[in-house]
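Chains L and F are the protein sequences, given in the same order.
The UniProt record's numbering puts the first sequence at residues 1 to 150.
The UniProt record's numbering puts the second sequence at residues 1 to 449.
So the structure is just underneath, and the comments pick up after that.
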Amino acid sequence: MAEILTKSRARNIFYGGSIFFVLVFIALTAQSHFYIVNHSTASAPLTEQIARGKGVWERNSCINCHTLHGEGAYFAPEVGNVMTRWGVADDPQGAYETLDAWIAAQPSGIEGRRQMPHFDINEEDMRALAEFLRWADHTDTQGWPPNDAG
Amino acid sequence: MKYQSQSVAKAYFYCAMLLFGVQVLGGLLAGWIYVSPNTLSEILPFNVIRMIHTNALIVWLLLGFFGAAYFLVPEESEREIFSVKLAYLQLAILMIGTLGAVGSYLVGIHGGREFLEQPLWVKFGILVAAVIFLINISLTVLAGRKTAITNVLLMGLWLLCLLWIFAFINPDNLSLDKMYWWMVVHLWVEATWELVMAAILGFLMLKLTGVDREVVEKWLYVIVATALFSGILGTGHHFYWIGTPGYWQWVGSIFSTFEVIPFFLMMSFAFVMVWKGRKNHPNKAALLWSLGSSTVAFFGAGVWGFLHTLHGVNFYSHGTQITAAHGHLAFYGAYVALNLAVFTYAMPMLRGRDPYNQVLNMGAFWLMTGGMAFMTFVLTFAGTIQTHMQRVVGDYYMDVQDSLSIFYLMRFGAGAAVVLGALLFIYSLVVVRRREVIAPGPATPVAGE
């Protein structure tokens, strides 16, 4: 063992192998990029409104309480399928009204219940956020989550 | 301390420990909000506290890595650091950026990609600091003796700085955003940081055990080879459910299963070196942290990672408290404990005193490690129940959370132990006597040794 695997051989295996795996990874990433744009997120067009909604999502740091497609903080419910859960995944007006009413009702102030902060979001931004969440809901996520509970 | 410029590391370690304190106190507060959700809910909501908790962690670990590099590169390269002034400038930029980020989080200015919430100017500051660091450390290494430890360390640090570029790439398409976000997040903690970890561990083993350099360096290359061979395609375990193609379920499952290997090797390496080593190094606390780090990293990153990495399991466990359990123990073992090992090893030299009050430091190790282990267990139980109730039965999120409250209470207790341990650790390094409290007993060699 000691004679076969010398330090310089170990080093060469490390460099050569790493380059190989990096190249494979780059190729798969490029293919995945293509797949996301043309297949998994292609069912609903990516409009300017949705990009604006993503900005609203980010500006308010929603990810640090909620998960979105299972990623984020685990303090508050999954929102990747929230529009399905609310039954408004294909209803833009209903999605806006439900989301607006929900956010306006926060924080609930109920003792012993987790509190969502108060967010000042104007109508245009609120509609954009609703559309962003509807758009995310339409992404092909390989069947995840297992059920509507998220 | 052989080289004057190594003392730069002291400033890095002090700043790191300051942010370490901020991080654990933020974590304790967040843990308390799980127990008593109305706490501060109007003035300091959970999402802001969590940003401070995670960002402070990332920055202090990086400061620790940079400080460790400034400490060990002069010894390995056998020369002074290229520029001490640049090293302090880099530290100043990082601290201003970090404090600026924390301040802007408190007034509600932040981005919204998890862990990358820093305002744009802070991101640029980090980029500038990274460039300064790479120039400074590379010129030092290139001019001096080249060793496997500096090779691997530099490669890890270069790649992690280059990957920071992805922090600036934020496509409007959420699935693309997520895919490129992992290029920073996963390829840091499960690839490039592992190179840094292995290099630092190799250096510590070399110094603490006195094993032949040739042996240490061969192990090092084998470890980092297994880390990158598994870790790069192991990124696939984050690409199961975010809109990426289905083949990642197999690529991710297979390669991330292999991600256990480098952590197993690092643990074996540390123990084998200590057994083989003839040196009886006086800094027992540094040895304890080194062995502890590699062991807890194996369990936290290796075992707890494997627990939910297969796509058939992850379909149900994704984004539950199982993930939180794994994340906490993996970060603690692999990166927190390793940094604390370096601080413990280097501080006595940097401050020119005996390897000091070790009992307190070792007590802090057991308190923190015990606390983290307990936290991991209770979160794993909570996550198991959550997975069943929410993902299998289909109960709603908040109903499930209400039934987990006992685990969150126990998690808070575990967190309190960790905070106490962290404060004791900082005290044992920063405020400590020059001489040992108890005089060492007579050296009586065991017959046959």
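Each residue gets a CB set at the ideal place from its N, CA and C atoms; glycine is no exception.
Source: prediction; values computed, not measured.
What's the gap between the Cα of I223(F) and the Cα of I232(F)? 14 Å
Specify, as a first and last residue, the run of the alpha helix (DSSP H) that T235(F) falls within. Per DSSP, T235(F) belongs to no alpha helix (DSSP H) and is neither H nor E.
Identity of the residue in A364(F), T387(F), V211(F) and T323(F) nearest A416(F) by Cα: A364(F)
Count the other CB atoms, across all protein chains shown, that sit within 10 Å of the CB of D140(L); report buried if there are 16 or more and exposed otherwise. buried
Chain F within 8 Å of L129(L), Cβ atoms only: no
Here's the rule: buried if 16 or more other CB atoms are within 10 angstroms of the residue's CB, otherwise exposed. What is H326(F)? buried
How far does the alpha helix (DSSP H) with K54(L) in it reach, from first residue to last? E48 to R59
If the cut-off is 9 Å on Cβ atoms, which residues from the stretch 133-148 of chain L count as contacting chain F, listed in chain order? W135, A136, T139, D140, T141, Q142, G143, W144, P145, P146, N147 and D148
Buried or exposed: I63(L), going by 16 or more other Cβ atoms within 10 Å of its Cβ? buried
Just grab the DSSP bridge partners of T67(L) for me. G72(L) and E78(L)
With contact counted as at least three CB pairs below 8 Å, one residue from each stretch, are the stretch 58-76 of chain F and the stretch 2-17 of chain F in contact? yes
Any idea if P37(F) is buried or exposed, counting beta-carbon neighbours within 10 angstroms, 16 or more meaning buried? buried
May I have a chain-ordered list of the alpha helix (DSSP H) segments no shorter than 4 residues that lie completely inside the stretch 376-414 of chain F? 397-402
Partners in chain L for Y88(F), counting only beta-carbon separations shorter than 8 Å: Within 8 Å Cβ-Cβ: nothing; Y88(F) doesn't reach chain L, min ~33 Å.
List the residues of chain L that W241(F) touches, going by C-beta distances under 7 Å, in chain order. H69, G70, T141, Q142 and W144
Using DSSP with H/G/I as helix, E/B as strand and the rest coil, what is M273(F)? helix
Host alpha helix (DSSP H) of T323(F) (start-end): Q321 to A330
Show which residues of chain L have a CB atom less than 7 Å away from the CB atom of E217(F). K7
Chain-ordered neighbours of E117(F) on chain L, where CB pairs are closer than 8 Å: S61 and N64
Output the distance between the C-alpha atoms of I52(F) and L63(F), rounded to the nearest integer angstrom. 16 Å
E58(L) versus I121(L) - alpha carbon distance: 13 Å
Does the beta-carbon of A104(L) have 16 or more other beta-carbons within 10 angstroms, so that it is buried, or is it exposed? exposed
Closest Cβ-Cβ distance between P107(L) and chain F: below 8 Å? yes
Is it the case that the stretch 377-385 of chain F contacts the stretch 404-419 of chain F, given that we only count it when at least three CB pairs across the two stretches are under 8 Å? yes
Taking the straight line between their C-alpha atoms, what separation do you get for R145(F) and S138(F)? 12 Å
Identify the contact partners of S18(L) in chain F, using a Cβ-Cβ distance below 8 Å as the criterion. A225, L228, F229 and I232
Based on Cα-Cα distance, which residue from V131(F), F258(F), L160(F) and K284(F) lies nearest to I58(F)? L160(F)
Determine whether the beta carbon atoms of A414(F) and M375(F) lie at a separation below 8 Å. yes
Counting only beta-carbon separations shorter than 8 Å, does R391(F) have a partner in chain L? yes
Starting from the beta carbon of residue 492(F), find every residue of chain L whose beta carbon is closer than 8 Å, and list them in chain order. A query on residue 492(F) cannot be resolved here, the shown segment of chain F reaching from 1 to 449 and no further.
So Y316(F) is in the alpha helix (DSSP H); what residue range does that whole segment cover? H311 to S317
Any contact of the stretch 284-296 of chain F with the stretch 200-207 of chain F, i.e. 3+ C-beta pairs under 8 Å? yes
Buried or exposed, going by whether 16 or more other CB atoms sit within 10 Å of the CB of D90(L)? exposed
Under three-state DSSP, which class holds N283(F)? coil
Is it the case that the stretch 173-189 of chain F contacts the stretch 237-250 of chain F, given that we only count it when at least three CB pairs across the two stretches are under 8 Å? yes
Residues of chain L with a CB under 7 Å from the CB of Y221(F): which are they? K7, A10, R11 and F14
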